[in-house]
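Just so we're aligned: the sequence shown equals residues -16 to 440 in my numbering.
Following: one structure in structure tokens, then a few remarks.
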Amino acid sequence: MKIRVLIADDEQTFRETFSRVLMEEGFEVTEACDGLQAIDAIRKDPYDVVILDIQMPGADGIKVLRETMSLRPDTRVIMVTAFGTVEMAVEAIKLGASEYVMKPIIFDDVILKIQQQWRYRQLQQENTELKTQLDGQFNIDSIIGEAQSMKHVFETIYKVSGTKSNVLVTGESGTGKEMVARAIHTTSPASSSRFIAINCGAIPEGLIESELFGHLKGSFTGAHVDKKGLFQAAENGTLFLDEIGHMPLSCQVKLLRAVEEREIWPVGSTQPIEINLRLIAATNKRLLEEIKEERFREDLYYRLNVVGIHLPPLRERREDIPKLIHFFMTKYNSEMGKECVHINEDAMQVLINYEWRGNIRELQNVIERAIIFAEGDTIKVSDIGIFNAAAIKNDNDEYDLHNAMRNYERQYIIHVLDKCDGNKSLAAKSLGVGLSSLYRKIDELEINGNRKVTNLA
Ligand SMILES: Nc1ncnc2c1ncn2[C@@H]1O[C@H](COP(=O)(O)OP(=O)(O)OP(=O)(O)O)[C@@H](O)[C@H]1O
Ligand SMILES: [Mg+2]
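Below, the structure written as structure tokens:
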């Protein structure tokens, strides 16, 4: 890919010579002989770097610069200035030019500068792409859920995102607590500041205080330098306190003080530091029970739970399972470069009925695994690896043995049929029954002999 450069200068000899030198170096060059031509060119095409003479007829360099910054703000502009126009060059930097060079121009220097500016632009673009990807990932739109309980979750996210109130997110493991926390941050006015997550259960008790609030050099053995804590790092943004239920009581007291006073005391410091950020805490524990057992401070609970969001377990919103399956299928197909875009109806039924103790994270893992193992373009029961009695849920007579056995038999036959790609003679042989018995069972258990697949929309 060639670096695209626009040279705007009214001095013909300079322009043509410089343009030739740049082309010999492998750049793609366009020339403009005055300001108006330059603006025209920039309007038509994007350039990586624009070399702009300050004094030009038509529109001067400053005017072209203003236009460039409003039309294509990520263009890197190098101003070319002669003796009497240095002050204008300084003005140009304030307006968004990247740098300036003095006439007479040393070609090698400018070539180096163009390359630096181009690299800078590349990095900036990569950063923007990464940020968009990340924002997309944690965007409220990427949280899937149409169940009534999820609608309530979305409403609360929207309402709370415009405020600075602390939020407590509760729910079983894998229900999407961190995803919700990030979505609140991304949709809030603080989204340009940082979102910092800390797992309160994973840090040794002795280190939590210094991690959160920072410390001064020499305040304890091993504190060789001053260190800022996460509260300061997340200034103006969001601090996500994951697994808050695992925070030791000694640290809960200090956290409470920080939340109440809106200031922190770095370890070893005699001066508090003011803080301004939103706290989002999450836990899969029942904090009210923890309070009863005196393992969690009630006052801290109320400070954190200004707004509460509870995420329902997946088994209580089974209607969302097909959408989630399709979402993860698309994700893993694209990541693995596969085209496994169908799932057969039996596999779908098993997934809808499964207990999902690990919630969405477990479903995500099952689909990832299925895409790895599926041969061809369809996920079958044999690909999903959760063939067991727990997968067979029976809403009406949950403990009825006859029903359970019937369901088990049905699932098992489906499983074997899938393994044999629907070939009934082969399946009958594997099952150790005659072909006619298999046909009878298929009838009796209402198994679809020519099983259908669900298309990935
Ligand atoms: N509603 C959803 N739509 C799409 N993906 C989701 C949804 N909820 C969760 N996920 C995905 O499931 C995985 C688990 O989510 P997350 O880490 O937010 O859960 P968690 O509640 O914090 O779990 P844990 O308690 O185990 O830390 C993540 O990969 C996340 O992207
Ligand atoms: Mg989590």
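Positions of the beta carbon are idealized from the N, C-alpha and C atoms, including for glycine.
- Counting only runs of 3 or more residues that sit fully inside the region -9 to 49, the beta strand (DSSP E) segments are 11 to 15, 32 to 36, in chain order.
- DSSP links Phe223 through a beta bridge to Ala180, Ile263.
- By the Cβ criterion, the region 156 to 166 is not in contact with the region 199 to 207, since fewer than three pairs of Cβ atoms, one from each stretch, lie closer than 8 Å.
- Under the three-state reduction of DSSP, Arg(-13) is assigned to strand.
- With respect to Ile25, Ala75 sits apart: the two C-beta atoms are not nearer than 9 Å.
- About 5 Å separates the beta carbon of Asp209 from that of Leu199, a gap short enough to meet the 8 Å contact definition.
- Residue state for Ile430 is assigned as coil, using DSSP reduced to three classes.
- By the rule of a C-beta closer than 7 Å to any heavy atom of ligand 2, the residues picked out are Lys160, Glu161, Asp225, Ala265.
- In terms of CA proximity to Ala330, Ile308 leads the group Ile308, Arg102, Val63, Ser176.
- In this structure, the CA atom of Ile335 is about 46 Å from the CA atom of Arg240.
- The closest CA to that of Gly341, considering only Lys306, Gly320, Pro295, Asp383, is found on Pro295.
- Arg300 and Ala130 do touch by the CB rule: their CB atoms are close to 4 Å apart, below 8 Å.
- Here Ala185 is exposed. Its C-beta has fewer than 16 other C-beta atoms within 10 Å.
- Cβ neighbours of Tyr315 within its own chain (closer than 7 Å, five residues either side excluded): Ile350, Glu351, Ile354.
- Annotation for Ile355: no beta strand (DSSP E) segment contains it, though the alpha helix (DSSP H) segment containing it runs 342 to 356.
- A residue is called buried once 16 or more other Cβ atoms fall within 10 Å of its Cβ, and Lys363 is buried on that count.
- At least one heavy atom of ligand 1 lies less than 8 Å from the C-beta of Val163.
- Here DSSP, grouped into helix, strand and coil, assigns Arg55 to coil.
- Checking the DSSP bridge columns, you'll see Thr153 partnered with Thr266, His293.
- Exclusion of the five residues before and after Glu161 leaves Ala180, Phe223, Asp225, Ala265 as the residues of its chain whose Cβ lies within less than 8 Å of its Cβ.
- Excluding its 5 nearest sequence neighbours in each direction, Ala410 has C-beta neighbours in its own chain below 7 Å: Val399, Leu400, Cys403, Leu421, listed in chain order.
- Counted as a single uninterrupted DSSP element, the alpha helix (DSSP H) harbouring Val73 occupies residues 69 to 78.
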